[in-house]
Amino acid sequence: MSYQDAFEYVVKRSLERHQRAREGWAEYEKTRSLGWINNQCDRGNGPFNTDESVLCYCMAYMHSHYEAAKIALSDVAQALTKKSAVAVLDIGCGPMTAALALAQLNLNRFGQPLALSYIGVDISAPMLKFAERFSQRDDCFSSTSGGFYRFVPTLEEVTTDRLKRLINGATHVVIVLSYIMSQKNLSFANVDDIAKIASRVRTLADGREVWLVYSNAYPFEGKFQYFLGRCEVLELEFEKTVTTKVSHPMRQHRLTPGKIVHVNSPRGHNLEFLATRAK
Numbered sequence: 006m007s008y009q010d011a012f013e014y015v016v017k018r019s020l021e022r023h024q025r026a027r028e029g030w031a032e033y034e035k036t037r038s039l040g041w042i043n044n045q046c047d048r049g050n051g052p053f054n055t056d057e058s059v060l061c062y063c064m065a066y067m068h069s070h071y072e073a074a075k076i077a078l079s080d081v082a083q084a085l086t087k088k089s090a091v092a093v094l095d096i097g098c099g100p101m102t103a104a105l106a107l108a109q110l111n112l113n114r115f116g117q118p119l120a121l122s123y124i125g126v127d128i129s130a131p132m133l134k135f136a137e138r139f140s141q142r143d144d145c146f147s148s149t150s151g152g153f154y155r156f157v158p159t160l161e162e163v164t165t166d167r168l169k170r171l172i173n174g175a176t177h178v179v180i181v182l183s184y185i186m187s188q189k190n191l192s193f194a195n196v197d198d199i200a201k202i203a204s205r206v207r208t209l210a211d212g213r214e215v216w217l218v219y220s221n222a223y224p225f226e227g228k229f230q231y232f233l234g235r236c237e238v239l240e241l242e243f244e245k246t247v248t249t250k251v252s253h254p255m256r257q258h259r260l261t262p263g264k265i266v267h268v269n270s271p272r273g274h275n276l277e278f279l280a281t282r283a284k
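Just so we're aligned: 45 in the working numbering is position 40 of the sequence shown, and the numbers increase by one with no gaps anywhere.
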């Protein structure tokens, strides 16, 4: 199994059914111009209202976001054991990129699928459809932890009952905020809602190891500072003392306690990461 196998199966097979997207990709391979593809997905920013726009995002941007996710989740992966079961709440999940990255890191260490329960939140129905297809890869994900999967379009659907089912049986709980804080349509009221959900997760986790993993395009997004200020449980109970070397194709980086890490992505964009673990 590898991320590349999953990508080939889900994205390349879908591409065969969408002639214009297939032609757009053939044009890119010939000219190295992303013009048409970028027009369909607004340079990876969406909106992703059609399967075609999601395909264009996956073809042009998913690989670099996957590499960024591996960096952001590297400390989480190091905290796992062969017997770990992971519950992931992924807000702004896209095509499940973060979970795929964690699954690959887990495979690299232990040679087995990641025991996963998962709630993915994304306003794009076509994006959720692709995420659900990736979730069905049993070479990536194992359902030994109960296999609870939900893909929902709104934060309102992240109910306490669903969070309880998500966390049940897990040894580690991970809240992923990947690029969500830079979305134009994310209001500060939405950030308040995310903070409330994160606090609820921390309470429901009841002694389990909990991680908050954040990544975003540079410069530092003010909404994330607002999020930390509004999330009382994180402010009071999270210790920002994770110090771990992060491997990256371009250079070596070290997570500094309590600070954002700035790196250059494989595509040349500046990115920020923060991984914090609960006490």
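Just so you know, even glycine gets a beta-carbon here, dropped at the ideal spot from N, CA and C.
Label residue 207 either buried or exposed according to how many other C-beta atoms from any shown protein chain fall within 10 Å of its C-beta, with 16 as the threshold for buried.
buried
Given this structure, state the Cα-to-Cα distance separating residue 12 from residue 122, to the nearest angstrom.
20 Å
Looking at the unbroken alpha helix (DSSP H) that takes in residue 56, where does it start and where does it end?
Taken as a continuous stretch (DSSP letters only), the alpha helix (DSSP H) holding residue 56 covers 56 to 62.
Under a three-way DSSP split, which group does residue 24 fall into?
helix
Can we say the segment 90 to 110 touches the segment 21 to 33, given the rule of at least three CB pairs closer than 8 Å?
no
Measure how close the beta-carbons of residue 42 and residue 65 come, nearest whole angstrom, since I'm counting them as under 8 Å.
5 Å
Below 8 Å, how does it come out for the segment 59 to 79 and the segment 166 to 184: are there three or more Cβ pairs, yes or no?
yes
Please state if the CB of residue 158 and the CB of residue 128 are separated by a distance shorter than 8 Å.
yes
Are the CB atoms of residue 118 and residue 98 within a distance shorter than 8 Å?
Contact: no.
Extract the residue ranges of the alpha helix (DSSP H) inside the segment 72 to 113, only unbroken runs of 4 or more that lie entirely within it.
79 to 84
For the segment 157 to 172 and the segment 51 to 59, state whether three or more C-beta atom pairs, one from each stretch, are separated by less than 8 Å.
no
With a cut-off of 8 Å on the beta carbons, I'd call residue 171 and residue 156 a contact; round off their distance for me.
Actually they are not in contact, since the Cβ atoms of residue 171 and residue 156 sit about 12 Å apart, beyond 8 Å.
Where are the alpha helix (DSSP H) runs, 4 residues long or more, that stay fully inside the segment 142 to 198, in chain order?
165 to 172
How big is the Cα-Cα spacing for residue 111 and residue 49?
27 Å
Helix, strand or coil for residue 140 per DSSP?
helix
With DSSP run on the structure shown, which of helix, strand or coil describes residue 69?
Secondary structure of residue 69 (DSSP, three-state): helix.
By a C-beta neighbour count over all protein chains shown, 10 Å radius and 16 as the cutoff for buried, is residue 221 buried or exposed?
buried
Please report how far the alpha carbon of residue 263 lies from the alpha carbon of residue 282, in whole angstroms.
Unreliable positioning characterises residue 263 in this predicted model, as indicated by a pLDDT of 37, which lies under 50. The coordinate reading is nonetheless provided below. In a straight line, the C-alpha of residue 263 is about 11 Å away from that of residue 282.
If you draw a straight line from the alpha carbon of residue 131 to that of residue 88, how long is it in whole angstroms?
It is roughly 33 Å from the alpha-carbon of residue 131 to the alpha-carbon of residue 88.
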